[in-house]
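Visitor: This is the structure I have questions about; it appears just below.
2 protein chains.
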Amino acid sequence: MKFSKATDYALHTMLFLTAATPDKPVGVQLLAEKQKVSPTYLSKILTKLVKAGMIESITGVNGGYRLKRNWEDISFLDIIHAIEGSASLFDCSFDHGPDCPIQRVVLEAEEKMEEHLRNKKMSDLVRETNIVF
Amino acid sequence: MKFSKATDYALHTMLFLTAATPDKPVGVQLLAEKQKVSPTYLSKILTKLVKAGMIESITGVNGGYRLKRNWEDISFLDIIHAIEGSASLFDCSFDHGPDCPIQRVVLEAEEKMEEHLRNKKMSDLVRETNIVF
DNA sequence: TTATTATAGATAAATAAAATCCTTAATTAG
DNA sequence: CTAATTAAGGATTTTATTTATCTATAATAA
Numbered sequence: 001m002k003f004s005k006a007t008d009y010a011l012h013t014m015l016f017l018t019a020a021t022p023d024k025p026v027g028v029q030l031l032a033e034k035q036k037v038s039p040t041y042l043s044k045i046l047t048k049l050v051k052a053g054m055i056e057s058i059t060g061v062n063g064g065y066r067l068k069r070n071w072e073d074i075s076f077l078d079i080i081h082a083i084e085g086s087a088s089l090f091d092c093s094f095d096h097g098p099d100c101p102i103q104r105v106v107l108e109a110e111e112k113m114e115e116h117l118r119n120k121k122m123s124d125l126v127r128e129t130n131i132v133f
Numbered sequence: 134m135k136f137s138k139a140t141d142y143a144l145h146t147m148l149f150l151t152a153a154t155p156d157k158p159v160g161v162q163l164l165a166e167k168q169k170v171s172p173t174y175l176s177k178i179l180t181k182l183v184k185a186g187m188i189e190s191i192t193g194v195n196g197g198y199r200l201k202r203n204w205e206d207i208s209f210l211d212i213i214h215a216i217e218g219s220a221s222l223f224d225c226s227f228d229h230g231p232d233c234p235i236q237r238v239v240l241e242a243e244e245k246m247e248e249h250l251r252n253k254k255m256s257d258l259v260r261e262t263n264i265v266f
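Protein sequence lines, in the order shown, are assigned to chains A and B. Position 28 of the first sequence, counted from 1, bears residue number 28 in the working numbering, the numbering being contiguous throughout. Position 86 of the second sequence, counted from 1, bears residue number 219 in the working numbering, the numbering being contiguous throughout.
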């Protein structure tokens with residue numbers, strides 16, 4: 001069980017956009033170069049963030065991606081869910097009635113993790129840390 | 134990102150063994166049947182639990198698997214780590230100096246999840262719940 | 001109109017998970 | 001001692017998922 005590289009790219013891109021000038025769009029070319037990943041692949045990932053309403057895209061010359069208004073509120077969990085989906089991390093495949101005690105425990109644990117990811121915003125990180133890109 | 138089915142099988146097998154008579158070994162045949170999984174595959178999973186020292190195996194007629202002495206202390210995390218390994222869920226693949234602020238946050242979150250999984254023992258579950266197999 | 005930039009569909013390549021097959025080794029009952 | 005039973009382990013296959021590429025289309029600004 002691992003977070004996907006796509007999630008890694010998405011988180012780093014969001015951090016970059018949050019730390020960068022908030023009004024000027026940044027092209028996928030540059031974002032991909034920084035992260036040493038192919039632009040087409042990264043663009044597919046960023047399209048998910050667009051669909052989730054976190055960033056917006058501007059086509060054409062001098063286009064790129066830019067944060068949306070609500071960017072101060074975007075949490076780690078928002079980004080992770082946008083990329084990985086929101087399904088739970090564990091499915092009991094054993095048929096013992098309505099609810100599985102094992103599943104319950106694992107889901108409680110998952111909820112602890114999500115709580116932390118929900119409370120951490122990208123903007124916190126930019127405020128707290130000296131971001132090096 | 135999902136916990137593997139192997140983890141699901143391992144957790145359910147441990148619950149079964151914990152709920153069952155603690156001295157008499159249970160064959161993989163029966164365990165596999167209950168969970169509707171192939172005996173050979175399950176045996177590979179259980180071998181990992183043996184290597185991790187949670188259960189012991191007895192070959193030969195009337196053999197099978199049985200909990201070891203310390204069974205009261207076996208946590209969810211122990212089992213999960215035995216199957217999935219203990220590597221962290223997130224690797225930053227971007228090269229920004231010694232530590233990545235994103236990685237830090239995700240690892241804190243992971244730690245919250247692990248804490249819960251470390252504090253829940255199989256024996257708790259058997260005590261609390263009316264296990265249905 | 002041309003260059004630039006994102007979107008999207010199709011597909012390929014790489015990796016990981018799930019499962020099977022077969023052989024070997026250990027043990028116990030008869 | 002022998003035959004039956006049971007786990008361990010190596011090799012391989014199947015299936016699923018992730019990662020990545022290629023190509024075409026659409027939008028926009030200079």
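Ideal placement from N, C-alpha and C gives every residue a C-beta, glycine not left out.
Does D91 of chain A have its Cβ less than 9 Å from a Cβ in chain B?
Guide: Answer yes: the Cβ-Cβ gap between D91 of chain A and chain B drops below 9 Å somewhere.
Visitor: So is E72 of chain A buried or exposed if we call it buried at 16+ other beta carbons inside 10 Å?
Guide: By the 10 Å Cβ count, E72 of chain A comes out exposed.
Visitor: Nearest-angstrom Cα distance between Q236 of chain B and K51 of chain A?
Guide: The alpha-carbon atoms of Q236 of chain B and K51 of chain A are separated by roughly 25 Å.
Visitor: Could you check whether T129 of chain A and P231 of chain B sit closer than 9 Å to each other, using their CB atoms as the reference points?
Guide: No, the pair does not count as a contact, with Cβ atoms beyond the cut-off.
Visitor: When the Cβ atoms of the segment 150-167 of chain B are set against those of the segment 112-126 of chain A, are three or more pairs found closer than 8 Å?
Guide: The answer is no - the segment 112-126 of chain A does not touch the segment 150-167 of chain B, with fewer than three Cβ pairs under 8 Å.
Visitor: Determine contact between the segment 31-51 of chain A and the segment 1-10 of chain A, defined as no fewer than three beta-carbon pairs at a distance below 8 Å.
Guide: Touching, yes, given that three or more Cβ pairs across the two stretches are closer than 8 Å.
Visitor: List the whole-angstrom C-beta distance separating V159 of chain B from L150 of chain B, where the pair is believed to meet the contact cut-off of C-beta under 8 Å.
Guide: With 8 Å as the limit, V159 of chain B and L150 of chain B qualify as a contact, their Cβ atoms being about 6 Å apart.
Visitor: At 7 Å on the CB atoms, spell out the chain A contacts of M246 of chain B, in chain order.
Guide: Chain A residues near M246 of chain B: A109, E110, K112, M113.
Visitor: Can you tell me whether L17 of chain A is helix, strand or coil according to DSSP?
Guide: If DSSP states are grouped into helix, strand and coil, L17 of chain A belongs with the helices.
Visitor: Return the residue from the list A:K5, A:K48, A:I55 that minimises the CA-CA distance to N70 of chain A.
Guide: The option with the nearest alpha carbon to N70 of chain A is A:I55.
Visitor: Just checking: is the beta-carbon of I235 of chain B within a distance shorter than 9 Å of some beta-carbon in chain A?
Guide: Judged by the 9 Å Cβ criterion, I235 of chain B is in contact with chain A.
Visitor: Return the Cβ separation of K5 of chain A and M134 of chain B in integer angstroms, given the expectation that the two are a contact with Cβ distance under 8 Å.
Guide: With a Cβ gap of about 12 Å, K5 of chain A and M134 of chain B do not count as contacting.
Visitor: Taking only the alpha-carbon atoms, compute the straight-line gap between K34 of chain A and L49 of chain A and give it to the nearest angstrom.
Guide: Distance between the alpha carbons of K34 of chain A and L49 of chain A is about 18 Å.
Visitor: Against chain A, does S256 of chain B count as a neighbour if the rule is that its beta carbon must be under 9 Å from one of theirs?
Guide: No, its Cβ sits nowhere closer than 9 Å to a Cβ of chain A.
Visitor: With a threshold of 16 other CB atoms inside 10 Å of the CB of V61 of chain A, please say whether the residue is buried or exposed.
Guide: Under this definition V61 of chain A is an exposed residue.
Visitor: Below 9 Å on C-beta distance, what does E217 of chain B contact in chain A?
Guide: By Cβ distance, chain A contributes M1.
Visitor: Starting from E205 of chain B, trace the beta strand (DSSP E) both ways and give me its first and last residue.
Guide: From DSSP, E205 of chain B is part of no beta strand (DSSP E); its letter is neither H nor E.
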